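Colleague:
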Amino acid sequence: MSTLAKRKVCLLGATGVGKTSLVLRFVRSIFSDTYQTTIGTRIETKHIHYDDHEIVLVLWDLSGEDEFQRVRLSYLRGAAGYLLVADGTRRATVETALALHHTAAALLGDVPRVLVLNKADLRALWELDDASERELAARWPVFETSAKTGAGVEEAFRALGHALLPR
Amino acid sequence: MSARLRARARRRDHDYTLDDLRPLLVQPEQERLKSLEHKLETPEALAEAIGEVLARAAVVSQKRGEELASAMQPLLLASIHDAVRKNPELFAEAIFPSIGPAVRKAARAALEALVLRIDDMVQRTMTLTSLRWRIEAARTGLPFVEVVMRHSLAYRVEHVFLVHHESGIVLQHVAAEDVTSEDPDQVSAMLAAIDDFARDAFREKTEAGLSRFCVGELTGIVEHGPRAMLVAIVRGVASKDVEVSLAGTLEEIHRTYADALSHFQGEVAAFEKARDALVGCMREERIQKPTSRRRGVLVLAAIATLALVGAGIGWKTVHDRNRRFDAYVDALREEPGLLVTRTGRQEGRSFVEGLGDPLAKDPAALLARHGLDVSEVELRFKPIYSLDPPLTERRASQVLRPPAGVSLGLADGTLRITGVAERAWIDRARLLATSLPGVTALDDTRLFEAEALRTAKAAAATLEGIEIVFPRGSARPSQAERARLDAAARAVQGLLDAAPRGGLSARIEIVGHADATGTPERNQRLSEERASSVSTALGARGVPTEPLAARGVGDAVRAAPKVTFVVRLSPAREGS
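If you're matching them up, the sequences are chains A and B in order. Just so we're aligned: 38 in our numbering is position 38 of the first sequence, and the numbers increase by one with no gaps anywhere. Take any residue in the second sequence, count from 1 to its spot, add 1000: that is its number in our numbering.
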């Protein structure tokens, strides 16, 4: 028997890491980009099928964290999981992702999450070395993605969706 | 030894004490006392005992009076206060399903009072629309404000979303049949985000969130519950019924799905049956009068029709008057000698301003022809000399006063006078004509003198009265006929002179005759010779012979040796 479940998922990361670009190729959004700059989030939905199960990820693409703006914590409420996005070419964005993880974990508890290292197409220019990446991978599922080529994105969402399937 | 000591000594002797006897005497009572002691001194037992009778005691106490209630009240209040302070959400959640009806009841009472106040206030205002609604209120017996509200109620609920409060996930969604809906999950999540955003942005800490938003004709009405919210998207102006139905439905959903809501993880299948409840919120109300008010509608329609007819008649009256006035002004503009410079309406009367030749038609005389009265139109004309040809002609006629038989005509500034008039009139006309305004030349080629006409006719009569006598058989007149020949010559000359001036052309025939003697051929020849002889004699006397025609008739007309004259006068041909 097939089941349908819906999960609220937040996309978190520093400004400019490519969160929106990452999801735009794979999701359908009825809202314009301006929502993100005005109220701080954009909503997208992504349907993923696993055998008999269908899961709808309601993605809250929160505006990026930087020195000028903070993520609205109230938007995290009720999230079943989150996707942390960092830019491999900027090590500082990994730090931001870690800080956001701590914030989210404090609010949501130990919920499923994945770390996405974006801009895999610029792998040669990465500031993040393999050792650091291995260290991260020991703590979370880590995916190398490229919003530009689409590589790894689907896998990252499927992995998170799978972790959110009804038990 | 005292008596007491003696008694003690006796007891020892028998070895029985009161204590030994007591069990034998009062053991059952002792056991009951112990049991009671146990119950009183052991909290559990005491609680059990009181618990058994507490309910009955409360009932008995209630029957006796309010002693128990009064005693319990401070305790209960303190307890409730403490519970609310420690866990307000729990308390709110507990009373949520029942508080709605209570609040609505109170709100309804307050609203009715408010309606009466508004009614009173609105009664003081007066507009055209309010007048119409006031009539309806009087007719139906409803409070005026209710009629006003009823006219404003026209809406349709197009969407209802049941949204999980915390995650913004849609638990259930229904939409009107012909309404296209975007991804409900995205819409509801965005609504939740906006709700959060508004609260964060304005630091609003209360539980109440976004309750209403408007976009064009659409209104979003949000009803919040502890675990879920209902969002209705309404096209038009929603009545309070929508909010009431949302509140009732949300309470029902919280009652029915209490567990599913409190443990919600994203499994929306549990809320499949909530769809029916949401469908109950899909209300609509249209601006249509119930059929029972048809009579009233007909009355209104009749009033409206009468008003329309009245307005139509009024409009037609004004329109007709304007149309007649316009036609009148057009006629004035067409009229020679009149120049309309301005028209309009002033103080309820139409007016026409302009310039008018006194010889032109009187503008006032034209009013009646267009169905207008002097009282309706004020005429302000100043006199001028008009150079319009008909006016110039009229003026020429007025100045020259042509006699009978004379007519005037003007073409391209040339006044043409035709007919026969006395010489004196002709001379005066020739003098005055070209001095008339608008007359640049005079054409009098067809103007003839009456005197010349008379002279020509007299000469013709004279000529026809003359007979030239010839000796028998001769074609030469005798000497005695000279005087007659002279007279004939004068008559012909006079005739030829006067006829053209009198507008006549004269044809003179000289007719020769012969007596009956001799052969007809001879007589014919002789008569022709005699006519020719007279013609020659006249020519010899200076008379132009071209207009003369000589012919002989033998003895057929008058059998006598004579020559007679026949004059034929006819009107001169134009151009001759």
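No residue lacks a Cβ here, since even glycine has one placed at the ideal position from N, Cα and C. None of these values were measured; they are calculated from a predicted model.
Counting along the chain, where does the beta strand (DSSP E) carrying G1419/B start and finish?
Modeller: In the second sequence, residue 1419/B corresponds to position 419, counting from 1. Looking at the DSSP string, the run of the beta strand (DSSP E) that includes G1419/B is T1414 to A1421.
Colleague: Is it buried or exposed, G40/A, if we count other Cβ atoms within 10 angstroms and call 16 or more buried?
Modeller: Here the question's residue 40/A lines up with position 40 in the first sequence. That one is buried.
Colleague: Are three or more beta carbon pairs between the segment 92–108 of chain A and the segment 44–51 of chain A nearer than 8 Å?
Modeller: As far as the Cβ criterion goes, the segment 92–108 of chain A does not touch the segment 44–51 of chain A, which means the pair count is below three.
Colleague: For chain D, check one thing: does any of its Cβ atoms lie closer than 8 Å to the Cβ of P112/A?
Modeller: The question asks about chain D, but that chain is absent: this structure's protein chains are A and B.
Colleague: Report the rounded CA-to-CA distance for T15/A versus R7/A, giving the unit in angstroms.
Modeller: Indexing the first sequence from 1 puts residue 15/A at position 15. Indexing the first sequence from 1 puts residue 7/A at position 7. Each residue's alpha carbon lies about 24 Å from the other.
Colleague: Closest by CA to F1470/B, which one among A1491/B, L1447/B and H1513/B?
Modeller: Position 470 of the second sequence, counting from 1, holds the residue named residue 1470/B. Taking only the C-alpha atoms, the option nearest F1470/B is H1513/B.
Colleague: With three or more beta-carbon pairs closer than 8 Å as the criterion, would you say the segment 140–154 of chain A touches the segment 115–122 of chain A?
Modeller: Verdict: yes, contact present.
Colleague: Residues of chain A with a CB under 9 Å from the CB of E1089/B: which are they?
Modeller: The count along the second sequence starts at 1 and reaches residue 1089/B at position 89. Those do not exist, as E1089/B stays about 14 Å from chain A at its closest Cβ, beyond 9 Å.
Colleague: Can you name the residues that DSSP bridges to F1448/B?
Modeller: Within the second sequence, residue 1448/B is the residue found at index 448, counting from 1. DSSP, once it has assigned bridges, lists V1420/B as partnering F1448/B.
Colleague: Counting pairs of beta carbons, one from the segment 1451–1462 of chain B and one from the segment 1405–1417 of chain B, are three or more of them closer than 8 Å?
Modeller: Flag = no, the segment 1451–1462 of chain B and the segment 1405–1417 of chain B do not touch.
Colleague: In this structure, does DSSP put L1453/B in helix, strand or coil?
Modeller: Working through the second sequence from its first residue, we reach residue 1453/B at position 453. Residue state, collapsed to three classes: helix.
Colleague: Out of A1331/B, E1378/B, R1369/B and L1387/B, point me to the one whose CA is closest to P1358/B's CA.
Modeller: As a first step, residue 1358/B is located in the second sequence; it is residue number 358 there, counting from the start. The candidate whose alpha carbon is nearest that of P1358/B is L1387/B.
Colleague: My guess is that T1249/B and L1261/B are in contact by the Cβ rule of under 8 Å, so how many angstroms apart are they, rounded?
Modeller: Looking up residue 1249/B in the second sequence gives position 249. Looking up residue 1261/B in the second sequence gives position 261. Actually they do not touch by this definition, with Cβ atoms about 14 Å apart.
Colleague: Can you tell me whether DSSP reads I173/A as helix, strand or coil?
Modeller: It is not possible to answer for residue 173/A, since the shown part of chain A is limited to 1 through 167.
Colleague: Can you pull the chain A neighbours of H1164/B, defined as C-beta to C-beta under 8 Å?
Modeller: Taking the second sequence and counting its residues from 1, one reaches residue 1164/B at position 164. What H1164/B touches in chain A: G78.
Colleague: Please confirm whether D1078/B has its beta-carbon closer than 8 Å to some beta-carbon of chain A.
Modeller: On the second sequence, position 78 is the one that residue 1078/B refers to. The amino acid at residue 1078/B is misidentified as Asp; the sequence shows Ala. Closer than 8 Å: no.
Colleague: Please state whether DSSP places A1175/B in a helix, a strand or coil.
Modeller: The sequence position of residue 1175/B within the second sequence is 175, counting from 1. A1175/B: strand per DSSP, three-state reduction.
Colleague: Given a cut-off of 8 Å, decide if L1442/B and I1468/B are closer than it, judged by their beta-carbon atoms.
Modeller: As a first step, residue 1468/B is located in the second sequence; it is residue number 468 there, counting from the start. As a first step, residue 1442/B is located in the second sequence; it is residue number 442 there, counting from the start. Cβ distance not < 8 Å, so I1468/B and L1442/B don't count as in contact.
Colleague: Within 8 Å (strictly less), CB to CB, does A159/A reach chain B?
Modeller: The residue you call residue 159/A lines up with position 159 of the first sequence. No - not a single Cβ of chain B is within 8 Å of the one on A159/A.
Colleague: Any beta-carbon of chain B closer than 8 Å to the one on A163/A?
Modeller: As a first step, residue 163/A is located in the first sequence; it is residue number 163 there, counting from the start. No, A163/A lies away from the interface with chain B (no Cβ there is under 8 Å from its Cβ).
Colleague: What's the C-alpha gap between G18/A and F1096/B?
Modeller: What you label residue 18/A is simply residue 18 of the first sequence in a count that begins at 1. What you label residue 1096/B is simply residue 96 of the second sequence in a count that begins at 1. Between G18/A and F1096/B, the C-alpha separation is close to 44 Å.
Colleague: Can you confirm whether the segment 1132–1140 of chain B touches the segment 1215–1228 of chain B when touching is taken to mean that 3 or more C-beta pairs between the two stretches lie within less than 8 Å?
Modeller: Counting Cβ pairs under 8 Å, fewer than three are found: no touch.
Colleague: If I'm right that L1278/B touches V1160/B with Cβ under 8 Å, what's the distance once you round it to whole angstroms?
Modeller: Residue numbering aside, residue 1278/B sits at position 278 when the second sequence is read from its first letter. Residue numbering aside, residue 1160/B sits at position 160 when the second sequence is read from its first letter. That belief holds up - the Cβ atoms of L1278/B and V1160/B are roughly 5 Å apart, short of 8 Å.
Colleague: If you follow the alpha helix (DSSP H) that F1197/B is part of, which residue opens it and which one closes it?
Modeller: In the second sequence, the residue the question calls residue 1197/B occupies position 197. F1197/B -> alpha helix (DSSP H) spans P1184 to A1201.
Colleague: DSSP state of P1363/B, grouped into three classes?
Modeller: Translated into the one-based positions of the second sequence, residue 1363/B becomes position 363. Residue state, collapsed to three classes: helix.
Colleague: Tell me whether the beta-carbon of P1336/B lies closer than 8 Å to the beta-carbon of P1390/B.
Modeller: What you label residue 1336/B is simply residue 336 of the second sequence in a count that begins at 1. What you label residue 1390/B is simply residue 390 of the second sequence in a count that begins at 1. Contact flag set, yes.
Colleague: Hey, does A5/A have any beta-carbon neighbour from chain B nearer than 8 Å?
Modeller: Numbered from its first residue, the first sequence carries residue 5/A at position 5. Yes, its Cβ sits closer than 8 Å to a Cβ of chain B.
Colleague: Please list, in chain order, all residues of the same chain as V1439/B whose beta carbon is under 8 Å from its beta carbon, the five residues on each side excluded.
Modeller: By 1-based counting over the second sequence, the position of residue 1439/B is 439. The residues are T1392, A1396, L1410, G1413, T1414, L1415 and A1433.
Colleague: Whose CA, out of V23/A, P112/A, L108/A and L59/A, lies closest to the CA of P166/A?
Modeller: Start at 1 with the first residue of the first sequence, and residue 166/A comes out as number 166. Measuring from the Cα of P166/A, the nearest candidate turns out to be P112/A.
Colleague: Can you list the residues of chain A that M1072/B reaches, using a CB-CB cut of under 9 Å?
Modeller: For this step, residue 1072/B is matched to residue 72 along the second sequence. Result: empty, since nearest Cβ-Cβ is about 41 Å, beyond 9 Å.
Colleague: Return the bridge partner residues of G1409/B from the DSSP annotation.
Modeller: As a first step, residue 1409/B must be located in the second sequence, where it is residue number 409. Partner(s): R1416/B.
Colleague: Is it the case that the Cβ atoms of R1212/B and H1254/B are separated by a distance below 8 Å?
Modeller: Against the second sequence, residue 1212/B aligns to sequence position 212. Against the second sequence, residue 1254/B aligns to sequence position 254. Not closer than 8 Å, so no.
Colleague: Between L1033/B and chain A, is there a C-beta pair that is closer than 8 Å?
Modeller: The count along the second sequence starts at 1 and reaches residue 1033/B at position 33. L1033/B does not count as touching chain A.
Colleague: Taking only beta-carbon positions, decide if D1259/B is within less than 8 Å of chain A.
Modeller: Taking the first residue of the second sequence as 1, we reach residue 1259/B at position 259. Closer than 8 Å: no.
Colleague: When you compare only the Cα positions, how much space is there between P1403/B and G1494/B?
Modeller: Along the second sequence, read from residue 1 onward, the residue named residue 1403/B stands at position 403. Along the second sequence, read from residue 1 onward, the residue named residue 1494/B stands at position 494. Taking the straight line from one Cα to the other gives about 26 Å.
Colleague: Assuming I1221/B is part of the beta strand (DSSP E), what are its boundary residues?
Modeller: Here residue 1221/B corresponds to residue number 221 of the second sequence, with the count starting at 1. Start and end: L1218 to H1224.
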